[in-house]
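**Q** Below are the structure tokens for one structure; questions will follow.
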Amino acid sequence: MTAVVGIPPAITEETQPFWDAAAEGRLVVEHCDACGAESFPPRGICRTCRSRDTGWVEVSGPGTVYSFTVNHQRWLPDLEVPYAVVLVEFPDHPGVRVAGRLRGGAPDDVAIGMVVDVGFEPGPGGTSIPSFLAR
Amino acid sequence: MHGAPAEHRAVISGVGQSAVARRVDRSGLQLTIDAILAAVADAGLDLDDVDGLAMFPGGGSANLPGYANGNLYEVQDALRLRTTWRQGQVEGMSLPFYGPALAVAAGQARHAVVYRTVKEGSAARDAGGRPAYGATKPVAEGPLAWLLPVGLLSPVCQVAPYATRYMHDFGVTREQLAWIPVVQRRHAGRNPGAVYRDPLTVDDYLGARMISTPMCLYDCDVPVDGATAIVVSAADAAADLRAPVRIEAMAGVVDGRPSWEQWEDMSRVGHATGAALWARTGLRPADVDVAQLYDGFTIEVAWWLEALGFCGAGEAGAFVEGGGRIDLGGELPLNTWGGQLSGGRLHAAFGHTAEAVRQLRGEAGERQVAGAEVAVVSNVGGIEAGAAVLTTY
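Which chain is which? The protein sequence lines are A and B, in order. Quick note: the first sequence, position 63, residue 63 per the numbering used here, numbers continuous. One gets the numbering used here by counting positions in the second sequence from 1 and adding 1000 to each.
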């Protein structure tokens, strides 16, 4: 798969494990060892109880589309359009919402409430970016 | 709240603008000086009266080419100002005059100037189109790290899911929301300073190309070059001022996650700011004569119409449909300068504030709202949120 055009993320102390897992095709979010809550994006602190005793948990999906947009504008040279970007929530992971591309169908077939599987694709700067799969 | 709100000890005393157009071939510094000289004269003051200076946003926070011009140090040096209060405001300040108003209320300055200068029109043209967010940086930092890599490359794309969700939850249609840009363009036709003044119809809107669904070309504000300056003065200096405007109330509450994709309920934006604003004044939405509501995108106007209580949640589509309520002579004339959609993206409600001041002074020319005594101004919404009630002095 050709890498999608975009601007790569700055990878920080807090976000390195997320991007490392993404490279392996796994979606991970922060898990609080004190209260069990999950947080995303990773901040190195639990957003629920503010414990800094956090680890990681894999989110395997499926997820549900909370909202979306289909982008038609070529913001960068060689950006292929149109494409759909979805904001995905997970029934078993309250408070976790992840933005990613959508593939496996025509962009205009996207809808709120659509069920999608977790996936990744080659992204800018050698990263692997969230890219959900339409069922 | 104990006693009168601190903002009652401040007034907006002057507004001034440089030329505003898709492209103005002047440096950011010269545009800034034009705006400040105009604003200080508009206040009835002299540059030597100015002792507070704020750039908005402060340098270094720009993720878009042309986003923040008129370096604070260069402006102070060029104008030979001696300041007792100075700030390179972060954009998180809810409204640009919020910090200056608190500074003069606290006696840190007597006459403070806050300015914003954009060169986004030139930057877009030089880039061959509107540039991607973060295009000047090699990597996406902070909240943008979760947006730009997956293709949410512009504020348009980042705000579009709010419109998608809002329209889904409430059954609001593009045919209804079209009236916001259409009526604002009608106002712009009466404003010689607006960037786009030719009539726009609902059919034009529905036929326009999509940028990022459901937002089309006419849902997006216009990148321009230009500067706006606002002078905020101590209320007890009113006798020295030409035509001050009262700050009746101001508020800015961020009660959701401050990342565009993480805001919990994308159908409700700005409501906490609206509640906080009305808690600071005895005035009510029905008292408002003219509204200058932030319109980086059409959907933001819908947020504020609902958040400020001009209509109920989900009712903004019906409120604007047909255009009568928001036209001159309607119950709530809206963005009478054309807004950012037709007047130019001056950012952070600088253009909205300037227009509110003109309306309250009766200086808005052909687009004057007769007898305007109470105005509201709002900024962005959601991750950045601010709103104020301004009244005649």
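Glycine included, every Cβ here is placed at the ideal spot set by N, Cα and C. Predicted model, so just to flag it, every value in this text is computed and none were measured.
Just list the beta strand (DSSP E) runs in the stretch 17 to 93 of chain A, keeping only unbroken ones of 3 residues or longer that don't cross its boundaries, in chain order.
**A** Runs of the beta strand (DSSP E) inside the stretch 17 to 93 of chain A: 28 to 32, 54 to 58, 63 to 71 and 83 to 90.
**Q** Grab me the residues of B/Arg-1130's own chain with a C-beta within less than 6 Å of its C-beta, minus the 5 sequence neighbours each way, in chain order.
**A** To locate residue 1130 of chain B, count along the second sequence from 1; it is residue 130. Ala-1124, listed in sequence order.
**Q** Excluding the 5 residues preceding and the 5 following B/Glu-1306 in the sequence, name in chain order all residues of the same chain whose CB lies nearer than 6 Å to its CB.
**A** Mapped onto the second sequence, residue 1306 of chain B falls at position 306. Counting only Cβ-Cβ distances below 6 Å, and skipping sequence neighbours, we find Ala-1313 and Ala-1316.
**Q** Mind listing the chain B neighbours of A/Ile-129? Cutoff is C-beta to C-beta under 7 Å, in chain order.
**A** Stepping through the first sequence from its first residue, residue 129 of chain A is reached at position 129. Near A/Ile-129 (Cβ distances below 7 Å), the residues of chain B are Pro-1149 and Val-1150.
**Q** Using a beta-carbon distance below 9 Å, is B/Ile-1230 in contact with chain A?
**A** Locating residue 1230 of chain B in the second sequence gives position 230, counting from the first residue. No, B/Ile-1230 lies away from the interface with chain A (no Cβ there is under 9 Å from its Cβ).
**Q** Along the stretch 80 to 99 of chain A, what residues have a CB closer than 7 Å to any CB found in chain B?
**A** Tyr-83, Val-85, Leu-87, Arg-97 and Ala-99
**Q** Could you check what DSSP says for B/Leu-1072 in three-state terms: helix, strand or coil?
**A** In the second sequence, the residue the question calls residue 1072 of chain B occupies position 72. Note: B/Leu-1072 maps to helix in three-state DSSP.
**Q** Since B/Gly-1134 meets chain A, which of its residues come closer than 8 Å, beta carbon to beta carbon?
**A** Translated into positions along the second sequence, residue 1134 of chain B becomes position 134. Residues of chain A passing the Cβ test: Ile-7.
**Q** Are the beta-carbon atoms belonging to A/Thr-48 and A/Gly-95 less than 9 Å from one another?
**A** The count along the first sequence starts at 1 and reaches residue 48 of chain A at position 48. The count along the first sequence starts at 1 and reaches residue 95 of chain A at position 95. Against a cut-off of 9 Å, the Cβ pair of A/Gly-95 and A/Thr-48 comes out as a contact.
**Q** Which of the three DSSP states is assigned to B/Gly-1338 in this structure?
**A** Position 338 of the second sequence, counted from the first residue, corresponds to residue 1338 of chain B. Here B/Gly-1338 sits in coil by DSSP.
**Q** From the DSSP output, in three-state form, read off B/Cys-1311 for me.
**A** As a first step, residue 1311 of chain B is located in the second sequence; it is residue number 311 there, counting from the start. B/Cys-1311 falls in the coil class under three-state DSSP.
**Q** My parser needs the alpha helix (DSSP H) runs of 4 or more residues fully inside the stretch 1197 to 1227 of chain B; what are they?
**A** 1202 to 1207
**Q** Three or more C-beta pairs under 8 Å: does that hold for the stretch 1234 to 1253 of chain B against the stretch 1023 to 1033 of chain B?
**A** no
**Q** Beta-carbon within less than 7 Å of B/Ala-1276's beta-carbon, same chain only, minus the 5 sequence neighbours each way: which residues are those?
**A** As a working note, residue 1276 of chain B is residue 276 in the second sequence. The beta carbon of B/Ala-1276 sits closer than 7 Å to the beta carbons of Ala-1251 and Val-1253 from its chain, once the five residues preceding and following it are set aside; these are given in chain order.
**Q** Once the 5 residues before and after B/Thr-1201 are set aside, which same chain residues still bring their CB inside 8 Å of it?
**A** Here residue 1201 of chain B is taken as the residue at index 201 of the second sequence, counted from 1. Here the set comprises Val-1182.
**Q** Please identify, using Cβ separations under 9 Å, the residues of the stretch 62 to 73 of chain A that lie next to chain B, in order along the chain.
**A** Tyr-66, Ser-67, Phe-68, Thr-69, Val-70, Asn-71, His-72 and Gln-73
**Q** Can you list, in chain order, the residues of its chain with a C-beta nearer than 7 Å to that of A/Phe-57? Leave out the 5 residues immediately preceding and following it.
**A** The count along the first sequence starts at 1 and reaches residue 57 of chain A at position 57. Checking the displayed sequence, the identity of residue 57 of chain A turns out to be Val instead of Phe. Taken in chain order, the residues that qualify are Val-28, Val-29, His-31 and Glu-38.
**Q** Cutting at 7 Å between CB atoms, please list the residues of its own chain near B/Leu-1153, excluding the five before and the five after it.
**A** The count along the second sequence starts at 1 and reaches residue 1153 of chain B at position 153. Only Ala-1132 and Tyr-1133 meet the Cβ criterion.
**Q** A/Ala-10 versus chain B: which residues are under 7 Å apart at the beta carbon?
**A** Sequence index remark: in the first sequence, residue 10 of chain A carries index 10 (1-based). Residues of chain B whose Cβ lies closer than 7 Å to the Cβ of A/Ala-10 are, in chain order, Val-1139, Ala-1140, Glu-1141 and Ala-1145.
**Q** In this structure, does DSSP put B/Gln-1262 in helix, strand or coil?
**A** As a working note, residue 1262 of chain B is residue 262 in the second sequence. If DSSP states are grouped into helix, strand and coil, B/Gln-1262 belongs with coil.
**Q** Answer yes or no: do B/Gly-1066 and B/Pro-1285 have a C-beta to C-beta separation smaller than 9 Å?
**A** The residue given as residue 1066 of chain B occupies position 66 in the second sequence. The residue given as residue 1285 of chain B occupies position 285 in the second sequence. The answer is no: Cβ separation not under 9 Å.
**Q** Taking the beta carbon of B/Leu-1064 as the centre, do at least 16 other beta carbons fall within 10 Å, making it buried, or is it exposed?
**A** In the second sequence, residue 1064 of chain B corresponds to position 64, counting from 1. A residue is called buried once 16 or more other Cβ atoms fall within 10 Å of its Cβ, and B/Leu-1064 is buried on that count.
**Q** Is the distance from the Cβ of B/Trp-1263 to the Cβ of B/Leu-1147 below 9 Å?
**A** Translated into the one-based positions of the second sequence, residue 1263 of chain B becomes position 263. Translated into the one-based positions of the second sequence, residue 1147 of chain B becomes position 147. Contact flag unset, no.
**Q** Go to B/Ser-1122, then tell me how far its alpha helix (DSSP H) extends in each direction, as first and last residue.
**A** Within the second sequence, the letter at position 122 stands for residue 1122 of chain B. Segment 1120 to 1126, the alpha helix (DSSP H) holding B/Ser-1122.
**Q** State the DSSP-derived secondary structure class of B/Thr-1391, mapped to helix, strand or coil.
**A** Taking the first residue of the second sequence as 1, we reach residue 1391 of chain B at position 391. Here DSSP, grouped into helix, strand and coil, assigns B/Thr-1391 to strand.
**Q** Scan the stretch 1100 to 1132 of chain B for residues whose Cβ lies nearer than 9 Å to a Cβ of chain A and list them as they occur along the chain.
**A** Gly-1128, Gly-1129, Arg-1130, Pro-1131 and Ala-1132
**Q** Where does A/Leu-102 fall in DSSP's three states?
**A** Position 102 of the first sequence, counting from 1, holds the residue named residue 102 of chain A. Strand.
**Q** Are there three or more Cβ pairs, one per stretch, closer than 8 Å when the stretch 1334 to 1342 of chain B is compared with the stretch 1187 to 1194 of chain B?
**A** Two segments are said to touch when three or more pairs of C-beta atoms, one from each, lie closer than 8 Å; by this definition the stretch 1334 to 1342 of chain B touches the stretch 1187 to 1194 of chain B.
**Q** For A/Arg-135, name the three-state secondary structure that DSSP assigns.
**A** For the purposes of this step, residue 135 of chain A is taken as residue 135 along the first sequence, with counting starting at 1. Three-state result, A/Arg-135: coil.
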